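Residue numbers (our numbering): 19 to 133. The beta carbon of each residue, even a glycine, is placed where N, CA and C say it ideally should be. All of these numbers come straight from a predicted model, not from anything done at the bench. Working notes, structure below.
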(Lines of atoms letter the chains of each structure in order from A and count residues from 1; the text may use other names and numbers.)
(Lines give C-alpha, C1' and ligand atoms only; values in the text may rest on other atoms or scores of the structure.)
Protein backbone atom coordinates (compact mmCIF):
# COMPACT_ATOMS: atom_id res chain seq x y z
CA UNK A 1 0.00 0.00 0.00
CA UNK A 2 2.79 2.44 0.88
CA UNK A 3 4.66 1.49 -2.29
CA UNK A 4 1.56 2.28 -4.38
CA UNK A 5 1.37 5.71 -2.75
CA UNK A 6 5.06 6.32 -3.50
CA UNK A 7 4.52 5.23 -7.11
CA UNK A 8 1.56 7.60 -7.53
CA UNK A 9 3.69 10.46 -6.18
CA UNK A 10 6.53 9.62 -8.58
CA UNK A 11 4.16 9.30 -11.55
CA UNK A 12 2.51 12.65 -10.77
CA UNK A 13 5.91 14.32 -10.46
CA UNK A 14 7.01 12.93 -13.82
CA UNK A 15 3.78 13.98 -15.49
CA UNK A 16 4.55 17.56 -14.39
CA UNK A 17 8.21 17.20 -15.40
CA UNK A 18 7.26 15.90 -18.86
CA UNK A 19 4.76 18.72 -19.30
CA UNK A 20 7.52 21.24 -18.55
CA UNK A 21 9.93 19.51 -20.95
CA UNK A 22 7.37 19.38 -23.74
CA UNK A 23 6.74 23.13 -23.62
CA UNK A 24 10.40 24.17 -23.26
CA UNK A 25 11.80 26.21 -26.12
CA UNK A 26 15.44 25.25 -25.54
CA UNK A 27 15.00 21.54 -26.15
CA UNK A 28 16.84 19.77 -28.96
CA UNK A 29 14.68 16.64 -28.97
CA UNK A 30 11.18 15.58 -29.88
CA UNK A 31 9.25 14.38 -26.84
CA UNK A 32 6.47 11.85 -27.30
CA UNK A 33 4.35 10.35 -24.54
CA UNK A 34 3.86 6.74 -25.61
CA UNK A 35 1.68 5.69 -22.66
CA UNK A 36 0.08 7.46 -19.72
CA UNK A 37 -1.96 5.01 -17.68
CA UNK A 38 -2.80 4.52 -14.03
CA UNK A 39 0.12 2.15 -13.46
CA UNK A 40 2.47 3.01 -16.33
CA UNK A 41 4.03 6.08 -17.94
CA UNK A 42 6.37 5.91 -20.92
CA UNK A 43 7.97 8.73 -22.87
CA UNK A 44 10.61 8.91 -25.57
CA UNK A 45 13.08 11.67 -26.36
CA UNK A 46 14.20 11.55 -29.99
CA UNK A 47 17.29 13.38 -31.21
CA UNK A 48 18.65 13.34 -34.77
CA UNK A 49 21.28 10.72 -33.88
CA UNK A 50 20.19 9.24 -30.55
CA UNK A 51 17.15 8.46 -28.41
CA UNK A 52 16.19 8.04 -24.77
CA UNK A 53 13.27 6.39 -23.04
CA UNK A 54 11.72 7.07 -19.66
CA UNK A 55 9.59 4.36 -18.06
CA UNK A 56 7.66 4.85 -14.81
CA UNK A 57 5.96 1.63 -13.77
CA UNK A 58 4.05 0.57 -10.67
CA UNK A 59 5.30 -3.01 -10.81
CA UNK A 60 8.07 -3.64 -13.33
CA UNK A 61 8.23 -7.29 -12.35
CA UNK A 62 11.71 -8.67 -12.78
CA UNK A 63 13.66 -5.51 -13.59
CA UNK A 64 16.75 -3.76 -12.24
CA UNK A 65 14.70 -0.82 -10.95
CA UNK A 66 11.93 -0.12 -8.47
CA UNK A 67 9.71 2.25 -10.48
CA UNK A 68 11.83 4.36 -12.85
CA UNK A 69 14.08 3.51 -15.77
CA UNK A 70 15.89 5.97 -18.04
CA UNK A 71 17.91 4.57 -20.94
CA UNK A 72 19.68 6.32 -23.78
CA UNK A 73 20.95 4.83 -27.03
CA UNK A 74 22.93 6.02 -30.03
CA UNK A 75 24.08 4.57 -33.29
CA UNK A 76 27.73 3.57 -33.17
CA UNK A 77 29.66 1.32 -35.49
CA UNK A 78 26.51 0.71 -37.52
CA UNK A 79 24.54 -0.64 -34.58
CA UNK A 80 22.47 0.74 -31.74
CA UNK A 81 24.37 0.92 -28.44
CA UNK A 82 23.13 1.79 -24.97
CA UNK A 83 25.20 4.84 -24.01
CA UNK A 84 23.51 5.71 -20.73
CA UNK A 85 21.13 4.22 -18.20
CA UNK A 86 19.87 5.07 -14.75
CA UNK A 87 17.48 3.08 -12.55
CA UNK A 88 15.90 4.06 -9.27
CA UNK A 89 16.16 1.87 -6.18
CA UNK A 90 14.39 1.39 -2.88
CA UNK A 91 14.81 4.42 -0.67
CA UNK A 92 15.25 6.99 -3.46
CA UNK A 93 13.06 10.03 -2.83
CA UNK A 94 10.86 11.46 -5.55
CA UNK A 95 13.03 14.59 -5.62
CA UNK A 96 16.21 12.53 -6.05
CA UNK A 97 14.64 10.46 -8.83
CA UNK A 98 13.57 13.58 -10.74
CA UNK A 99 17.03 15.12 -10.21
CA UNK A 100 18.77 11.99 -11.53
CA UNK A 101 16.53 11.73 -14.59
CA UNK A 102 17.09 15.44 -15.29
CA UNK A 103 20.86 14.80 -15.16
CA UNK A 104 20.38 11.78 -17.41
CA UNK A 105 18.52 13.87 -19.97
CA UNK A 106 21.25 16.51 -19.80
CA UNK A 107 23.80 13.78 -20.54
CA UNK A 108 21.81 12.76 -23.60
CA UNK A 109 21.42 16.40 -24.66
CA UNK A 110 25.20 16.79 -24.65
CA UNK A 111 26.13 13.35 -25.94
CA UNK A 112 28.24 13.45 -29.07
CA UNK A 113 30.60 10.59 -28.50
CA UNK A 114 31.74 8.07 -30.98
CA UNK A 115 32.06 4.54 -29.75
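Query                                                                                                          : Result
Taking Cβ positions, are residue 103 and residue 126 nearer each other than 8 Å?                               : no
To which residues does DSSP link residue 64 through a beta bridge?                                             : 48 and 69
Have a look at the DSSP bridge pairing and note the partners of residue 104.                                   : 88
As a quick exercise: from 106, 122 and 90, pick the residue whose alpha carbon is nearest that of residue 99.  : 90
Beta-carbon separation of residue 29 and residue 73 under 8 Å?                                                 : no
Tell me, please, which residues DSSP counts as bridged to residue 119.                                         : Its beta-bridge partners do not exist; DSSP assigns none.
Say whether chain B places a C-beta atom closer than 8 Å to the C-beta of residue 119.                         : Note that chain B does not occur in the displayed structure, where there is just one protein chain.
Roughly how many angstroms separate the alpha carbons of residue 68 and residue 38, rounded to a whole number? : 21 Å
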